[in-house]
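Remarks on the structure that follows.
There are 2 protein chains.
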Amino acid sequence: MPRAVREQQMLDAAVRIIGQRGYMAASMDEIAELAGVSKPLVYLYLNSKEDLFTACIRREAAALTEAVRTGVRRDLPADRQLWDGLRAFFAYTAEHPDGWSVLHLQARTHGEVFAAEVAAMREDIVAFVTQLIAAAARDAHRDPRMPEREVAGLAESLVGAAESLATWANATPGVTARQAAATLMNFAWAGLGNLMGGQVWTPPPGEA
Amino acid sequence: MPRAVREQQMLDAAVRIIGQRGYMAASMDEIAELAGVSKPLVYLYLNSKEDLFTACIRREAAALTEAVRTGVRRDLPADRQLWDGLRAFFAYTAEHPDGWSVLHLQARTHGEVFAAEVAAMREDIVAFVTQLIAAAARDAHRDPRMPEREVAGLAESLVGAAESLATWANATPGVTARQAAATLMNFAWAGLGNLMGGQVWTPPPGEA
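Quick mapping for you: the protein sequence lines, in order, are chains A and B. The first sequence lines up with residues 1 to 208 when you count with the working numbering. The second sequence lines up with residues 1 to 208 when you count with the working numbering.
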């Protein structure tokens, strides 16, 4: 069997074990056994538990980002792009709960090196969502001068909401990917949609 | 000086050093020096670097939760409660950037024990926001049967958005607490407000 195929089997096993048991509790013995290879072969190919974990994070991050990007067609209306992006995101996290646990929980809990890997992926996704919101604001033509900083803040809010909701949906029996996407779309789009139309929420009168 | 006062000084110093340098890089020497005490006294009072860190997380978590709870008056209209809660949250995180870094970044990056401390605080805040949204839905009288699960998902979305936005605001020069609160209020309330009024976003026709 070619090395590349064997390596993917090792990563599959590592994502499953680390996602379910946690990085600290995951043993290289168990990962090798699940992958159907010897432990020395795992070390030969992936060097150390740390390097194996890093390879898992990178693979899962690339797959999630790719799923979201390919889920969105940039020629469609903004609300459709957002809906398609959310559906792609929640479908991916629901179908790959161990991968999502590796990215959102494990990678951020076991040291700055791993956290930095997943922070890089997050920046990519925030940049993608920022472009989407900026394009929607331009298309709406109502407030073409929506400040860049406001757009950036909205993108951060949306990504944070999606991360939080995906973790909750995976931990809550009976919540489907489509329901999670619809909850966030209802929360986010009606708000964003009003903003694009220039309808802002205003603080109570008398406030500084 | 009473032990309780000295301990608070040690925690003040530890939050500052850990928030700014990170938990791994923070040294007990530096913390003792900033607190104006000897290193043996820090160990005598707080036992170990791990226990000192845990005490920091608990103190900062309690202070943040308290700030949000006391910021909200439950007899006011729902949008006012949400606005007041968001202002209290972003004011606290902006005024205590080291405390927020300890809670949101450091506590979640350096092992499961510390991550569990901050997860407990997060559950408290989600429960508080869930009550607020459920009360708003009841007050609106438009859709009194908004499913509990939908309310829970909205609360998770809102808390995740606030966490993400606070971290971004603290890292972005010139973004004030009030601006961050207004960005999230615009994002969240117009969406939630429409939901309360029964105006849901609908998927494109033809979708399963």
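C-beta atoms are modelled at their ideal positions from N, C-alpha and C, and glycine is treated no differently.
Between the Cα of residue i and those of the options, spot the shortest distance and give me the residue it belongs to.
i, options, result
"E50 of chain B", "B:V72, B:V68, B:S27", "B:S27"
"A25 of chain B", "B:L184, B:P2, B:L82, B:H110", "B:H110"
"Q8 of chain B", "B:A35, B:E30, B:Y23", "B:A35"
"T183 of chain A", "A:A107, A:L158, A:L11", "A:L158"
"V229 of chain A", "A:E112, A:A61, A:M10", "In the structure as shown, chain A begins at 1 and stops at 208. Residue 229 of chain A is therefore absent and cannot be evaluated."
"Q131 of chain B", "B:A162, B:T93, B:A78", "B:A78"
"A116 of chain A", "B:R108, B:G153, B:E117", "B:R108"
"A180 of chain B", "A:V129, A:A180, A:E150, A:D98", "A:E150"
"D98 of chain A", "A:Q81, A:M185, A:A13, A:D75", "A:A13"
"L105 of chain A", "B:E95, B:F114, B:W100", "B:F114"
Along the alpha helix (DSSP H) that carries residue i, what are the first and last residues, could you check?
i, result
"D12 of chain A", "3-21"
"D84 of chain B", "78-95"
"E60 of chain A", "49-71"
"D29 of chain A", "28-35"
"L105 of chain B", "Segment: none, L105 of chain B is in no alpha helix (DSSP H) and carries neither H nor E."
"R149 of chain A", "148-171"
What is the C-beta distance between residue i and residue j, in whole angstroms, given that I count them as a contact (C-beta under 8 angstroms)?
i, j, result
"I125 of chain A", "V68 of chain A", "7 angstroms"
"Y45 of chain A", "R3 of chain A", "7 angstroms"
"G85 of chain A", "A161 of chain B", "Contact doesn't hold; Cβ gap of about 16 angstroms is too wide."
"A1 of chain A", "L82 of chain A", "The question names Ala, but residue 1 of chain A in the sequence shown is Met. About 42 angstroms; that fails the 8 angstroms criterion."
"F90 of chain A", "A166 of chain A", "6 angstroms"
Within 8 angstroms (strictly less), CB to CB, does residue i reach chain B?
i, result
"T183 of chain A", "yes"
"N170 of chain A", "no"
"V175 of chain A", "yes"
"G206 of chain A", "no"
"E163 of chain A", "yes"
"G19 of chain A", "no"
"E112 of chain A", "yes"
"G191 of chain A", "yes"
Can a CB atom of chain A be found closer than 8 angstroms to the CB of residue i?
i, result
"A120 of chain B", "no"
"W100 of chain B", "no"
"T54 of chain B", "no"
"G22 of chain B", "yes"
"F89 of chain B", "no"
"G71 of chain B", "no"
"T65 of chain B", "no"
What would DSSP say about residue i, mapped onto helix, strand or coil?
i, result
"A25 of chain A", "coil"
"E207 of chain B", "coil"
"T176 of chain A", "coil"
"G191 of chain A", "helix"
"G99 of chain A", "helix"
"R74 of chain B", "coil"
Residues from the segment 125-159 of chain A in contact with chain D, defined by Cβ distance under 8 angstroms
Considering every chain present, this structure includes no chain D. Its protein chains are A and B.
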